[in-house]
Amino acid sequence: SQTIHQWPATLVQPVGSPLSLECTVEGTSNPNLYWYRQAAGRGLQLLFYSVGIGQISSEVPQNLSASRPQDRQFILSSKKLLLSDSGFYLCASGTGSFTDTQYFGPGTRLTVL
Amino acid sequence: QKEVEQNSGPLSVPEGAIASLNCTYSDRGSQSFFWYRQYSGKSPELIMFIYSNGDKEDGRFTAQLNKASQYVSLLIRDSQPSDSATYLCAVNGNNRLAFGKGNQVVVIP
């Protein structure tokens with residue numbers, strides 16, 4: 001079975017500062033990888049997904065970006081954080097088929113002040 | 001119309017009772033449906049998935065799918081205090097999962 005690691009677990013950052021969140025997956029190869037954000041009262045919002053190294057699809061235009069430098073590594077970044085970037089960031093891994101079952105990492109709780 | 005809708009408001013059930021959660025979706029071409037459980041402050045964990053019309057049982061959980069009416073439901077039998085959580089419905093469409101906002105379940109001892 002696969003294991004998804006995310007770090008850091010919690011983060012408090014000032015407005016305008018950069019961001020880098022990392023996700024790594026163990027126990028599977030060539031996974032589809034996803035970044036979600038869960039803000040209070042808004043449900044899970046898909047931000048980015050990747051079907052392979054260097055392949056990134058953006059769901060929501062914003063000041064965030066994603067990269068996949070290795071098969072099982074997915075990074076979420078920002079050059080300048082906004083207050084609205086606060087939330088619970090979740091990395092997920094899936095097979096990509098129509099039966100795609102996505103499994104989530106433990107998440108990073110980001111507070112932008 | 002939102003892609004995936006779940007009933008709003010918390011659901012309170014006494015311990016040992018059946019909790020019933022409903023979810024409707026808009027994409028008639030959706031093929032797979034998932035229920036996740038999320039404890040407060042934690043990430044979602046998969047409970048079960050269903051692809052075919054009808055019922056699918058896994059322990060105390062039963063998922064029901066009706067593609068013609070575009071709804072999927074989750075029944076939790078013999079509810080336990082440990083079932084107190086938010087339950088997320090997710091629907092596969094356009095090569096991605098769309099999630100509902102979730103239903104909070106509170107099991108009262």
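These protein sequence lines map, in sequence, to chains A and B. For the first sequence, the numbering used here gives the first residue as 1, with consecutive numbering after it. For the second sequence, the numbering used here gives the first residue as 1, with consecutive numbering after it. We put the CB at the ideal spot given by N, CA and C, even for glycine. These numbers come from a predicted model, not from an experiment.
Separation of residue j from residue i, as counted between CA atoms
i	j	result
B/D83	B/V107	7 Å
A/G16	A/L76	16 Å
A/L64	B/I18	42 Å
A/Q2	A/T95	11 Å
B/E15	B/D78	7 Å
B/S30	A/S67	28 Å
B/V13	A/I53	46 Å
A/A40	A/G87	7 Å
A/P14	A/S97	39 Å
Contacts of residue i in chain A (Cβ-Cβ under 7 Å)
i	result
B/R96	L46, Y49
B/G100	G43
B/N103	Within 7 Å Cβ-Cβ: nothing; B/N103 doesn't reach chain A, min ~11 Å.
Exposure label - residue i; buried when at least 16 CB within 10 Å
i	result
A/V12	exposed
A/L81	buried
B/V72	buried
A/D85	buried
A/D100	buried
A/G107	buried
B/G54	exposed
B/A51	Per the sequence shown, the amino acid found at residue 51 of chain B is Tyr instead of Ala. By the neighbour-count rule (16 or more Cβ atoms within 10 Å), B/Y51 is not buried but exposed.
Where the beta strand (DSSP E) containing residue i begins and where it ends
i	result
B/A19	19-25
A/I53	Careful: A/I53 lies outside any beta strand (DSSP E) and carries neither H nor E.
A/A92	87-94
B/V4	4-6
B/A98	96-99
B/G59	Segment: none, B/G59 is in no beta strand (DSSP E) and carries neither H nor E.
A/S17	A/S17 -> no beta strand (DSSP E), and no H or E assigned at all.
Residues sharing a beta bridge with residue i, DSSP
i	result
B/Q38	B/T86
A/G43	A/A39
A/T10	A/R109
A/Y34	A/Y49, A/A92
A/A66	A/L76
B/I50	B/F33
Contacts that residue i makes with chain B (C-beta to C-beta distance below 9 Å)
i	result
A/T101	S32, F34, L46, F49
A/G105	S43
A/L90	S43, P44
Contacts that residue i makes with chain A (C-beta to C-beta distance below 8 Å)
i	result
B/G59	Within 8 Å Cβ-Cβ: nothing; B/G59 doesn't reach chain A, min ~17 Å.
B/N7	Chain A residues near B/N7: none, gap ~14 Å exceeds 8 Å.
Chain-ordered neighbours of residue i on chain A, where CB pairs are closer than 9 Å
i	result
B/L88	G43, L44
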